[in-house]
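**Q** Structure below; questions to follow.
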Ligand code: NAD
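In this note's numbering, the protein residues as written are 1256 to 1510.
Here you go:
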């Protein structure tokens, strides 16, 4: 018996990086997964579906912009109409914006809030509305180490990820007695396009606080999400789990 046999859910931002690795991991554990990502990532999303199907799993791609309420509602409806149930939601889609606080452009601030904060809230809202009426479920939100500590040159991102931690804590308490278990993850620097596409100097800054002198892998993050989503984590509610190789556990650099 696998951890998610018979279960179904969705993963946002599943065309790439952490989302893809986690969608594949859910499917490996028996889950049927809707791959939710923007239309512009169609080719990569279809690749995620193909990886899952090649391993004998079930998945489909639904173009979804998490910042749009109608599309998120459609996402929940699609999971339920296709697979008959919604057991888990991994609200993971996000973007990064850099810039010192006074240099951030207003449109960049608004965009990051729309995707990284409102997007997570909308996915929680529509997943919770369904789960409340159908016996519960599990939600994991992707925050970041930037949701726990300040990070120079990333004020808008830091604000957005702190908001994800706050939304997680609050909703976790509100819905725990309705059998909806809600937690967040706080990855450190993980080897995905979000980090690997940064200039080398920016990658060096991210590497600086790493005691292990390496970036994490999307698969290492996926393992933690699978655990938090499973019944093994039944008493973990409202937590933000650091998956950062120790980067935020000490104020001192290791390099
Ligand atoms: P990534 O860029 O590889 O993947 C992000 C995915 O989100 C992409 O497929 C992108 O198309 C999708 N996306 C962007 N806007 C969207 C929208 N409006 N609607 C739906 N999908 C959208 O990055 P990743 O590193 O895998 O990031 C996944 C999550 O992990 C993000 O929330 C990110 O902030 C967070 N995170 C990443 C790191 C890291 O070091 N990589 C660290 C901490 C947190």
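The beta-carbon is built from N, C-alpha and C at its ideal position, and this holds for glycine as well.
For residue 1326 and residue 1507, what's the separation of their Cα atoms in angstroms?
**A** Distance between the alpha carbons of residue 1326 and residue 1507 is about 43 Å.
**Q** So who's on the other strand from residue 1288, going by DSSP bridges?
**A** Beta-bridge pairing links residue 1288 to 1264 and 1314.
**Q** Name the DSSP bridge partner or partners of residue 1345?
**A** Answer is 1266 and 1395, bridged to residue 1345.
**Q** Measuring alpha carbon to alpha carbon, tell me which residue in 1317, 1392 and 1475 is nearest residue 1337.
**A** Answer by Cα proximity: 1317.
**Q** In the DSSP output, which residue or residues are listed as bridge partners for residue 1299?
**A** Per DSSP, none; premise fails for residue 1299.
**Q** Checking the sheet assignment: what are the DSSP bridge partners for residue 1354?
**A** Residue 1354 is bridged to 1409.
**Q** Taking 7 Å as the cut-off, is the CB of residue 1449 close to at least one heavy atom of the ligand NAD?
**A** Yes.
**Q** From residue 1480 to residue 1277, what distance separates their C-alpha atoms?
**A** Straight-line Cα distance between these residues: approximately 7 Å.
**Q** I need the straight-line Cα distance from residue 1435 to residue 1281, nearest angstrom please.
**A** About 18 Å.
**Q** If you check the beta carbons only, do residue 1296 and residue 1314 fall under 8 Å apart?
**A** No. Outside cutoff.
**Q** At a cut-off of 7 Å, would you count residue 1497 as near the ligand NAD, judging by its Cβ distance to the nearest heavy atom?
**A** Checking the Cβ of residue 1497 against the ligand NAD gives no.
**Q** May I ask you to report which of helix, strand or coil DSSP gives residue 1471?
**A** Looking at residue 1471 - three-state DSSP - the assignment turns out to be strand.
**Q** Do you know whose CA, among 1362, 1378 and 1344, lies nearest residue 1328's CA?
**A** When only C-alpha atoms are compared, the closest one is 1378.
**Q** Nearest by alpha-carbon distance to residue 1431: which of 1493, 1331, 1308 and 1404 is it?
**A** The option with the nearest alpha carbon to residue 1431 is 1493.
**Q** Please classify residue 1490 as buried or exposed, where buried requires at least 16 other C-beta atoms within 10 Å of its C-beta.
**A** Classification for residue 1490: exposed.
**Q** How should residue 1410 be labelled, buried or exposed, when 16 other C-beta atoms within 10 angstroms of its C-beta is the threshold for buried?
**A** Buried, by the Cβ-count rule.
**Q** Below 8 Å between beta carbons: does that hold for residue 1442 and residue 1399?
**A** In this structure, residue 1399 lies closer than 8 Å to residue 1442 by Cβ.
**Q** Confirm, please, whether the CB-CB distance from residue 1331 to residue 1381 is below 8 Å.
**A** Taking 8 Å as the Cβ cut-off, residue 1381 and residue 1331 qualify as a contacting pair.
**Q** Do residue 1405 and residue 1348 have their CB atoms nearer than 8 Å?
**A** No, the pair does not count as a contact, with Cβ atoms beyond the cut-off.
**Q** Helix, strand or coil for residue 1496? Go by DSSP, reduced to three states.
**A** If DSSP states are grouped into helix, strand and coil, residue 1496 belongs with the strands.
**Q** State the Cα-Cα distance for the pair residue 1392 and residue 1344, rounded to the nearest angstrom.
**A** Their Cα atoms are separated by approximately 8 Å.
**Q** For the 8 Å Cβ check, are there 3 or more pairs between the segment 1496-1504 and the segment 1464-1481?
**A** With a cut-off of 8 Å, the segment 1464-1481 and the segment 1496-1504 count as touching, because enough Cβ pairs lie within range.
**Q** Any heavy atom of the ligand NAD closer than 7 Å to the Cβ of residue 1274?
**A** Yes; taking the cut-off as 7 Å, the Cβ of residue 1274 has a heavy atom of the ligand NAD nearer than that.
**Q** Using 7 Å as the cut-off, classify the Cβ of residue 1395 as near or not near the heavy atoms of the ligand NAD, replying yes or no.
**A** Checking the Cβ of residue 1395 against the ligand NAD gives no.
**Q** For a test of your reading of the model: does the CB of residue 1404 fall under 7 Å from any non-hydrogen atom of the ligand NAD? Yes or no.
**A** Checking the Cβ of residue 1404 against the ligand NAD gives no.
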